[in-house]
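K.L.:
This is the structure I have questions about; it appears just below.
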Amino acid sequence: MPLNRDVLTAGLATAFALILLAFGSHLPAGTAVRMGPGFIPRAVAIGLLAVAVLILIKALLARPARADDAAPEAPIHWRGAASISFGVLTFALLIQPIGLLASATATVFFSSLAQQGEGWGERVVLAGSLAAIAGAVFAYGLGLPLPILPNFL
Numbered sequence: 001m002p003l004n005r006d007v008l009t010a011g012l013a014t015a016f017a018l019i020l021l022a023f024g025s026h027l028p029a030g031t032a033v034r035m036g037p038g039f040i041p042r043a044v045a046i047g048l049l050a051v052a053v054l055i056l057i058k059a060l061l062a063r064p065a066r067a068d069d070a071a072p073e074a075p076i077h078w079r080g081a082a083s084i085s086f087g088v089l090t091f092a093l094l095i096q097p098i099g100l101l102a103s104a105t106a107t108v109f110f111s112s113l114a115q116q117g118e119g120w121g122e123r124v125v126l127a128g129s130l131a132a133i134a135g136a137v138f139a140y141g142l143g144l145p146l147p148i149l150p151n152f153l
């Protein structure tokens, strides 16, 4: 079986699912009626494993293309993958020390770098607007105990 995009995608999805299972293994799952903190990580991991299996089956059943009629594969857009991954990592690392508003602003700003063509001003307005909406919804609307501002303020 040749190593193509589908096989790599299935492998990456499997790796993420196994990481989710490893990090969520010490959390109690609870039941569907009374969910524990480990319920969602396990459910997402199982769903991701199912998707990985389906992608791998598709890759195994695909007819190998002949070299003369094969269309070239589209290039991988590393800019998008890197900026969105960096944005998510930024949120995870900054939510506790600097609060929801600043970490959400940084996350949206870095993730917006995935798309070319927007100006810096548009990115800043988008990041600030979405951070304000996130603060209003999660902290005030839902009452979640998230730090809104940095601890030193």
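Going by the UniProt record's numbering, the sequence shown opens with residue 1, and the numbers climb by one from there.
All C-beta atoms in this analysis are idealised placements derived from N, C-alpha and C, irrespective of residue type, glycine included.
Measure the alpha-carbon distance for residue 174 versus Ser112 and round it to whole angstroms.
P.N.:
The structure shown has nothing for residue 174, since the chain only spans 1 to 153.
K.L.:
Given that a residue counts as buried once 16 or more other Cβ atoms are within 10 Å of its Cβ, and exposed if not, what is Pro97?
P.N.:
Taking the first residue of the sequence shown as 1, we reach residue 97 at position 97. It counts as exposed.
K.L.:
If the criterion is Cβ atoms closer than 8 Å, does the pair Phe138 and Ala127 meet it?
P.N.:
Here residue 138 refers to the residue found at position 138 when the sequence shown is read from its first residue. Here residue 127 refers to the residue found at position 127 when the sequence shown is read from its first residue. Cβ atoms of Phe138 and Ala127: not closer than 8 Å.
K.L.:
Could you tell me the distance, in whole angstroms, from the CA atom of Leu101 to the CA atom of Gly87?
P.N.:
Start at 1 with the first residue of the sequence shown, and residue 101 comes out as number 101. Start at 1 with the first residue of the sequence shown, and residue 87 comes out as number 87. The alpha-carbon atoms of Leu101 and Gly87 are separated by roughly 14 Å.
K.L.:
What residue range does the alpha helix (DSSP H) around Thr105 cover?
P.N.:
Indexing the sequence shown from 1 puts residue 105 at position 105. Its alpha helix (DSSP H) spans residues 78 to 112.
K.L.:
Around the Cβ of Leu48, are there at least 16 other Cβ atoms within 10 angstroms (buried) or fewer (exposed)?
P.N.:
By 1-based counting over the sequence shown, the position of residue 48 is 48. Result: buried.
K.L.:
Beta-carbon separation of Ala29 and Gly38 under 8 Å?
P.N.:
The count along the sequence shown starts at 1 and reaches residue 29 at position 29. The count along the sequence shown starts at 1 and reaches residue 38 at position 38. Closer than 8 Å, so yes.
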